[in-house]
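Asker:
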Amino acid sequence: MSTIVQPAPRSVGRRVGRTALDWIPALAVFVLGIAAWQGLVAAFHVQEFLLPKPTSIAHAFWDQKSALWSQGIYTFKEALGGYVLGCGLGILVALLFAAWRTLSSAFMPYAVAANAIPIIAFAPIMNNWFGLLNPFSKMAIAAVLCFFPVMINTLRGLTSVHPSSIELMRSYAADRVSLFRRVRIPNALPQMFTGLKIATVLSMIGAIVGEYFGGPTEALGVKILNDSSYGNFTDAWAGIVMASLLGIVFYAVVALAERLTTSWHPSSRAFHTE
Amino acid sequence: MNAVSIKGVSKRFKAGVTALQGIDLDVEPGEFVSLIGPSGCGKSTLLRIIGDLTKPTAGTVEVNGKPAERARRDHEYGIVFQDAVLYDWRTVAKNISLPLELLHWSRSKRNARIRDMLELVELSGFENHHPWQLSGGMQQRVSIARALSFSPSLLLMDEPFGALDEMTRERLNAELLGIWQETGSTVVFVTHSIPEAVFLSTRVVVMSARPGRVAGLIEVDLPQPRTSATREEPHFFELVTQVREQLAAAGAPLGETQEPALVEDQA
Numbered sequence: 004m005s006t007i008v009q010p011a012p013r014s015v016g017r018r019v020g021r022t023a024l025d026w027i028p029a030l031a032v033f034v035l036g037i038a039a040w041q042g043l044v045a046a047f048h049v050q051e052f053l054l055p056k057p058t059s060i061a062h063a064f065w066d067q068k069s070a071l072w073s074q075g076i077y078t079f080k081e082a083l084g085g086y087v088l089g090c091g092l093g094i095l096v097a098l099l100f101a102a103w104r105t106l107s108s109a110f111m112p113y114a115v116a117a118n119a120i121p122i123i124a125f126a127p128i129m130n131n132w133f134g135l136l137n138p139f140s141k142m143a144i145a146a147v148l149c150f151f152p153v154m155i156n157t158l159r160g161l162t163s164v165h166p167s168s169i170e171l172m173r174s175y176a177a178d179r180v181s182l183f184r185r186v187r188i189p190n191a192l193p194q195m196f197t198g199l200k201i202a203t204v205l206s207m208i209g210a211i212v213g214e215y216f217g218g219p220t221e222a223l224g225v226k227i228l229n230d231s232s233y234g235n236f237t238d239a240w241a242g243i244v245m246a247s248l249l250g251i252v253f254y255a256v257v258a259l260a261e262r263l264t265t266s267w268h269p270s271s272r273a274f275h276t277e
Numbered sequence: 535m536n537a538v539s540i541k542g543v544s545k546r547f548k549a550g551v552t553a554l555q556g557i558d559l560d561v562e563p564g565e566f567v568s569l570i571g572p573s574g575c576g577k578s579t580l581l582r583i584i585g586d587l588t589k590p591t592a593g594t595v596e597v598n599g600k601p602a603e604r605a606r607r608d609h610e611y612g613i614v615f616q617d618a619v620l621y622d623w624r625t626v627a628k629n630i631s632l633p634l635e636l637l638h639w640s641r642s643k644r645n646a647r648i649r650d651m652l653e654l655v656e657l658s659g660f661e662n663h664h665p666w667q668l669s670g671g672m673q674q675r676v677s678i679a680r681a682l683s684f685s686p687s688l689l690l691m692d693e694p695f696g697a698l699d700e701m702t703r704e705r706l707n708a709e710l711l712g713i714w715q716e717t718g719s720t721v722v723f724v725t726h727s728i729p730e731a732v733f734l735s736t737r738v739v740v741m742s743a744r745p746g747r748v749a750g751l752i753e754v755d756l757p758q759p760r761t762s763a764t765r766e767e768p769h770f771f772e773l774v775t776q777v778r779e780q781l782a783a784a785g786a787p788l789g790e791t792q793e794p795a796l797v798e799d800q801a
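The listed protein sequences derive, respectively, from chains W and E. Number 238 in the numbering used here belongs to position 235 of the first sequence; there are no gaps in the numbering. Number 613 in the numbering used here belongs to position 79 of the second sequence; there are no gaps in the numbering.
1. Of all the options Pro572/E, Asp586/E, Gly564/E and Pro590/E, which has the alpha carbon lying nearest to the alpha carbon of Lys548/E?
2. Check whether chain E comes within 8 Å of Ser163/W, counting only Cβ atoms and requiring the distance to be less than that.
3. If we define contact as Cβ-Cβ less than 8 Å, is Arg185/W a contact residue for chain E?
4. Taking 8 Å as the limit between beta carbons, can you name the residues of its chain near Leu554/E, skipping five residues before and five after?
5. Going by other Cβ atoms of all chains shown within 10 Å of its Cβ, with 16 needed for buried, is Glu766/E buried or exposed?
6. Here's the rule I'm using: 16 or more other beta-carbon atoms within 10 Å means buried, otherwise exposed. How should His165/W be labelled?
7. May I ask you to list, following chain order, the residues of the stretch 105-122 of chain W that have a beta carbon less than 7 Å from some beta carbon of chain E?
8. If you run the structure through DSSP and keep just helix, strand and coil, what is Tyr86/W?
9. Straight-line CA distance for Pro759/E to Ala602/E?
10. Whole alpha helix (DSSP H) runs in the stretch 551-616 of chain E with 4 or more residues, listed along the chain?
11. Would you call the CB atoms of Leu88/W and Met142/W closer than 8 Å?
12. Compare the C-beta of Glu261/W against all C-beta atoms of chain E and say whether one is closer than 8 Å.
13. Closer than 7 Å, Cβ to Cβ, to anything on chain W: give me those residues from the stretch 558-590 of chain E, in chain order.
14. Please list, in chain order, the chain W residues whose beta carbon lies closer than 8 Å to that of Phe615/E.
15. Which whole-angstrom value is the C-beta distance of Thr736/E and Phe566/E, which I expect to be below 8 Å?
16. Would you say Val676/E and Leu620/E are within 8 Å of each other, going by their C-beta atoms?
17. For Gly84/W, I'd like the list of residues in its chain whose CB is within less than 6 Å of its CB, leaving aside the five on either flank, ordered along the chain.
18. When the Cα of Ala743/E is compared with those of Lys600/E, Trp639/E, Ala782/E and Glu753/E, which residue comes out closest?
19. Looking at Phe770/E and Leu756/E, is the spacing between their C-beta atoms short of 8 Å?
20. Which chain E residues sit within Cβ distance under 7 Å of Ala101/W?
21. Cutting at 6 Å between CB atoms, please list the residues of its own chain near Phe151/W, excluding the five before and the five after it.
22. Could you confirm whether any beta carbon from chain W is found closer than 8 Å to the beta carbon of Val724/E?
23. Measuring straight from C-alpha to C-alpha, what distance separates Pro686/E and Ser669/E?
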């Protein structure tokens, strides 16, 4: 009976070693990809304005690192503001929809229809509403982009509870608040995080595209746009690299939060049992 | 006062299937009663009606002298399903503690009870494991510990060992009898295994299918405590045969029928 397989205690060193080993294939792809890019651009004499060499981009990035950093942070703050707003609203609406079916059936069709609208097209209108230089105009676009994936994923998590889980709570005469707190919400966490991870990238896209339609010069999107219009494509690429780095870090932070809060979920169980 | 008192209970599902018709059954405190019958005889439905998880179309159910709904609200019973229904995000200890939290027990009282329960189901040392780190049999023992944690006088069990292999099932049967004798609770147990019903019960209720009715009652007078030796006694086999014949007489084409779709009649 007591022959259960206990997770074997492993040394931290071995764990880190295993993790580093796991990264080798990805690292190899990265290095090979960059090398191929560099080699092909050099071999075929591709013009700088079409596709600069990775080394040129790295050079430009290094030269402008402090400006890029402050522009990146400016844009990231807009993205983060929109993210918090859009995701918060998405989770709230999902909770309301899960709690009141009627509400869901009344509003869901419109939520779905609204999602079919290319939100990015509203960027100029948001700029008009809130002001070109007001960061809130970019936050609004980011928020609208984040809202739907978070809402729909969280709602699915809240409602896809196994019927016997609900019957069990009913057998204890648990009230609705308990059912949400102890069953529906924990059950929804993995799917909510799926939405939250998608939203990290969407919020960056929303902020930058919003800036393309006008914004202060300290914004990354404005910098990329200006560099492109003056033909400084290598500098524009450096801006894109900064935007990507911020997006990746943002995603990684949310993914880490997911691991910490849903370590019980099958997708994270490797942490316990590998 | 009866632990369970069922009077004239019928249940019709929306699809027009009559799952139960005119069920009368009394269960005395401390009894271990098994409901046995072919798939589709409504035995699980009857168990759910006792637990007020579904309402009968006609008739009344009382648990410890209270109407079923009141009894549920007063936490008169604990239930064990075929799936352990453990929450993956909770450890073993936290799963057992769930009903205690809902009853607002203090933390120290909860912890003491969790320890006792883990001892009862022989899972001490596993309190910090998650359900998915346990075997199916162990999960079901956690589920039993949870159902008994708040000391309900009645334990409802819906084919709790149906998904387990034969060896695990027999071991858990023996453990369950030990727990039953230790706690002195009343058990209503749904199964479609004849030997399981005979081994465990003080009384077996044989049900017929379509519509589900009580086709016969068999007193199981095997002495307590029952052990694996009980399964080899001639009288055990006599009783198994008796149940089998009653099932056959009830016109139970074993394994042929399907459970009706569990869509409730809203009327």
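Each residue gets a CB set at the ideal place from its N, CA and C atoms; glycine is no exception. The model shown is predicted, which means the values in this text are computed figures rather than measured ones.
Answerer: Inspection of the coordinates gives the following:
1. Checking every option, the nearest Cα to that of Lys548/E belongs to Pro590/E.
2. No, no contact with chain E.
3. At a cut-off of 8 Å between beta-carbon atoms, Arg185/W makes contact with chain E.
4. Hits under 8 Å: Val543, Ser544, Lys545, Gly576, Thr579, Leu580, Ile583, Pro590, Pro745, Gly746 and Arg747.
5. By the C-beta density criterion, Glu766/E is exposed, having fewer than 16 other C-beta atoms within 10 angstroms.
6. Only exposed fits His165/W, as fewer than 16 other CB atoms lie within 10 angstroms of its CB.
7. Listed by position, the residues of the stretch 105-122 of chain W near chain E (Cβ gap below 7 Å) amount to none.
8. Three-state result, Tyr86/W: helix.
9. Those two C-alpha atoms are separated by around 31 Å.
10. Whole alpha helix (DSSP H) segments, 4+ residues: 577-584 and 602-607.
11. Going by C-beta atoms, Leu88/W is nearer than 8 Å to Met142/W.
12. No - not a single Cβ of chain E is within 8 Å of the one on Glu261/W.
13. Among the residues of the stretch 558-590 of chain E, those with a Cβ less than 7 Å away from any Cβ of chain W are Gly585 and Leu587, in the order of the chain.
14. Result: Ser167, Glu170 and Leu171.
15. The C-beta separation of Thr736/E from Phe566/E comes to about 5 Å, placing the pair in contact by the 8 Å criterion.
16. In this structure, Leu620/E lies closer than 8 Å to Val676/E by Cβ.
17. Only Met142 meet the Cβ criterion.
18. When Lys600/E, Trp639/E, Ala782/E and Glu753/E are compared, the shortest CA-CA separation from Ala743/E is found for Ala782/E.
19. In this structure, the beta-carbon distance from Leu756/E to Phe770/E falls below 8 Å.
20. Correct list: empty, because the minimum Cβ distance to chain E is about 17 Å.
21. Excluding residues within five positions, the ones whose Cβ falls inside 6 Å are Asn118.
22. Among the CB atoms of chain W, none fall inside 8 Å of the CB of Val724/E.
23. Straight-line Cα distance between these residues: approximately 26 Å.
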